[in-house]
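What follows is a short report on a single structure.
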Amino acid sequence: MKSIFLSIGVSTLTLAGCVYVDANEGAYVRDAYIEDNDAYNPEVAAIEAVIQDYFDGQGEASLERLQRAFHPNSSMFGVITDDEGESELRVWPKMYEVIEGWAQNDNPPGAGRDGEVLSIEIIDDRLAVATFRYADRFYDAFSLVKIDGEWKIAAKTFIRQ
């Protein structure tokens, strides 16, 4: 499986591979370049760019990049474990409020950050699911939608490692 490494400062985002689903051809693994003929896949590249905006937007505390990644009506879900070891699913229905908080963090750009795209699955060129590992702290699953020609994160679900 091919890997693509994108480095920004000391931040690293890795694309481990992705699955593209075509209703006519079935599912197959590929990255931004189709393995058979090295043809560029603009849909995968566009989704990679959205995930890069999320990753760097958090690290740089950039409201602009985070807003570029997330749809205005997006939401977030997370499995949270309390002090007694009980897990629960929490919901943040107004992701724009979360994004505004992230944009106010005092994160030094790129400091000790690394992330890896584990998979991208595109369904019918309008819906996609991407999985992501953020350092050794979180796993994220993103539901993305293509609206007016642009990919946006519609929902983010995470678990802590």
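All residue numbers for the sequence shown refer to this note's numbering, where the first residue is 136 and numbers rise by one. Ideal Cβ positions, reconstructed from N, Cα and C, are used throughout, including at glycine. Keep in mind it's a predicted model, so treat the numbers as computed, not measured.
Which residues share a DSSP beta bridge with residue i?
i, result
"V185", "Paired residues: none, contrary to the question."
"F190", "Paired residue(s): none; F190 is not in a bridge."
"A290", "S210 and S278"
"R295", "F273"
For residue i, does the three-state DSSP call read helix, strand or coil?
i, result
"I143", "Note that I143 has pLDDT 32, beneath the 50 cutoff, so the model's placement of it is unreliable and the number below is only indicative. In the structure shown, I143 sits in a strand (DSSP, three-state: E or B)."
Given a cut-off of 8 Å, decide if residue j and residue i are closer than it, judged by their beta-carbon atoms.
i, j, result
"I258", "A265", "no"
"F267", "L279", "no"
"D260", "Q296", "no"
"F277", "I288", "yes"
"S210", "V226", "yes"
"R203", "D188", "yes"
"A180", "N240", "no"
Between residue i and the rest of its own chain, which residues show a CB-CB distance below 7 Å, the 5 nearest in sequence each way excluded?
i, result
"L224", "F212 and V214"
"P207", "Y231"
"R200", "D188, D191 and G192"
"Y269", "G250 and D275"
Counting only the same chain and skipping the five closest in sequence on each side, list residues whose C-beta sits under 6 Å from that of residue i.
i, result
"L126", "Beyond the ends of the chain as shown, which are 136 and 296, falls residue 126; an answer cannot be given."
Excluding the 5 residues preceding and the 5 following residue i in the sequence, name in chain order all residues of the same chain whose CB lies nearer than 8 Å to its CB.
i, result
"L262", "S278, L279, V280 and K281"
"S222", "V214, I215 and T216"
Only counting runs of 3 or more residues, tell me where the beta strand (DSSP E) segments fall wholly within the segment 220 to 285, in order along the chain. 222 to 227, 249 to 258, 262 to 269 and 273 to 282
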